[in-house]
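The structure appears below as structure tokens.
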Amino acid sequence: MPPGWLTSLPPRARDALLAGAVERRFAADQVLFLAGAPARAMYVVLEGRVRVLRAGAGRAHVLHVEGPGGTLGEVPVFEGLDGAAPGYPATAVAAEPTRCLLLTRAAVRAAVRADPDVALALLARLAGRVRHLVERADARVGRGTRARLAALLLARHAAARGRAFALARTQQEAAEELGTVRELVVRGLRALRAAGAIRAAGGGRYVVVDEAALREIAVNG
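In full-length UniProt numbering, the protein residues as written are 1 to 221.
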């Protein structure tokens, strides 16, 4: 079933957008598309989770993560509506088994022409994406790896509601989320355990022991 923002469109616009749509499944760690590859379709995540990454200075960092209902690749699809397909600006990788709906550039163009509500729906999603990227950039400015690690631990702790949680699927994935390298994540986790802020719960999971100490580190480094 398509996500809510698709099903809420008028039937004519939705039918135009879904014309020729193809469903694809991706295994964990499988690449959906590479940065620079021609953007011939946008992706709608139906199930699973996709990480969008940029590489630079010898490391990769996560731009955003999309779950069910999320969209990928819409910027270059719109950018190239009247000419050759531009390249995707980043690489998308499935973080877990994922199912996506692929919408061709031609279908997107036809849907926008059929009903302006399609453009408004996608613009709303793009606006949210821009806000998210700005907030991520602000969170990284002037904050060291230790502070970003503490903030990520607090976010995972809140999502887990006090239960043991995994920082990420792998330490490398956590490093990419933080915009750093794996070695610094390992060193930071070791220091936080030694300080009594967190404890290991086995299987790559952690429990927050001193939330106040983590908050102090997240704010002041």
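We put the CB at the ideal spot given by N, CA and C, even for glycine.
For the pair of segments examined, the region 95-102 was found not to touch the region 198-210: the number of CB pairs separated by less than 8 Å stays below three. The C-beta separation of L167 from A159 comes to about 11 Å, leaving the pair out of contact by the 8 Å criterion.
Only exposed fits H132, as fewer than 16 other CB atoms lie within 10 angstroms of its CB.
Taking the Cβ atoms as the reference, T91 lies roughly 18 Å from V44, outside the contact range of under 8 Å. The DSSP-derived three-state label of R24 is strand. Taking all protein chains shown into account, R25 has fewer than 16 neighbouring C-beta atoms within 10 Å of its C-beta and is therefore exposed. For the region 69-105, the continuous alpha helix (DSSP H) assignments of 4+ residues that do not extend past its boundaries occur at 74-79, in sequence order.
F33 and L72 have their alpha carbons spaced roughly 10 Å apart. Within the same chain, and ignoring the five residues on either side of A218 in sequence, the residues whose Cβ sits closer than 7 Å to its Cβ are A147, A150, A151, L154. H157 is the residue among H157, R163, R109 whose C-alpha sits nearest the C-alpha of R215. DSSP places A60 in no alpha helix (DSSP H) but in the uninterrupted beta strand (DSSP E) bounded by 59-66. Take the alpha-carbon of D29 and the one of R199: they are about 28 Å apart. Here DSSP, grouped into helix, strand and coil, assigns A35 to coil. Inter-segment contact for the region 2-21 and the region 104-116 is present: three or more beta-carbon pairs are separated by less than 8 Å. As for any alpha helix (DSSP H) of minimum length 4 sitting wholly inside the UniProt domain "HTH crp-type" (143-212), the runs are 145-160, 171-178, 182-194, ordered along the chain.
Non-local C-beta neighbours of Q172 in its own chain, meaning closer than 6 Å and more than five positions away in sequence, comprise R182, ordered along the chain. The alpha-carbon of A60 is positioned some 8 Å away from that of T180.
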